[in-house]
Amino acid sequence: MTTDPLSATFAALADPTRRAILARLATGETSVTELAAPFRMSMPAVSKHLKVLEHAGLIARSREAQWRPCRLEAGPLRDVAQWVDDYRQFWEQSFDRLEHYLKELQKEKKHGRKKRKR
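Mapped onto the working numbering, the consecutive letters of the sequence shown carry residue numbers 2 to 119.
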């Protein structure tokens, strides 16, 4: 099944274990064993999570003698941030229009009260 990169990234980020793995990798490269340590799951289960992250391009694994380090690859996160930023701009503009509308309503209400007091 072929998935576009953004969908693969969101699917990988949907799981809290994978987000925790990424958070750990944000502090630096580490081994699979060290990544697995905080989780109550088998090494094969951790390996499945790593494969999902690797498929999404969020991590890279290498081999240095006996050590198999993993490192964060931030490129796909930049794509997610850009996608979210487009919607952030939309919502900010919507909130700005709402704020303007509410201020206009307050002005009308304020002027309406003054007319009644006369």
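C-beta atoms are modelled at their ideal positions from N, C-alpha and C, and glycine is treated no differently.
Since we're looking at a predicted model, the values are computed, not measured.
In the DSSP assignment, R62 forms a beta bridge with C71. For R20, the enclosing alpha helix (DSSP H) has its first and last residue at 17–26.
Partner residues in the beta bridge of T31, as assigned by DSSP, are C71.
Residue environment for A27: exposed (fewer than 16 other C-beta atoms within 10 angstroms of its C-beta). Take the alpha-carbon of R20 and the one of V47: they are about 12 Å apart.
Annotation: the continuous alpha helix (DSSP H) that includes A12 extends over 6–14.
Short of 6 Å from the beta carbon of V81, and not among the five residues preceding or following it, lie these beta carbons of its own chain, in chain order: T10. Shown here for L54: same chain residues with a beta carbon closer than 8 Å to its own, the five before and five after excluded, namely A13, R19, I22, L23, I60 in chain order. Rounded to the nearest whole angstrom, the C-alpha separation of P6 and L73 is 16 Å.
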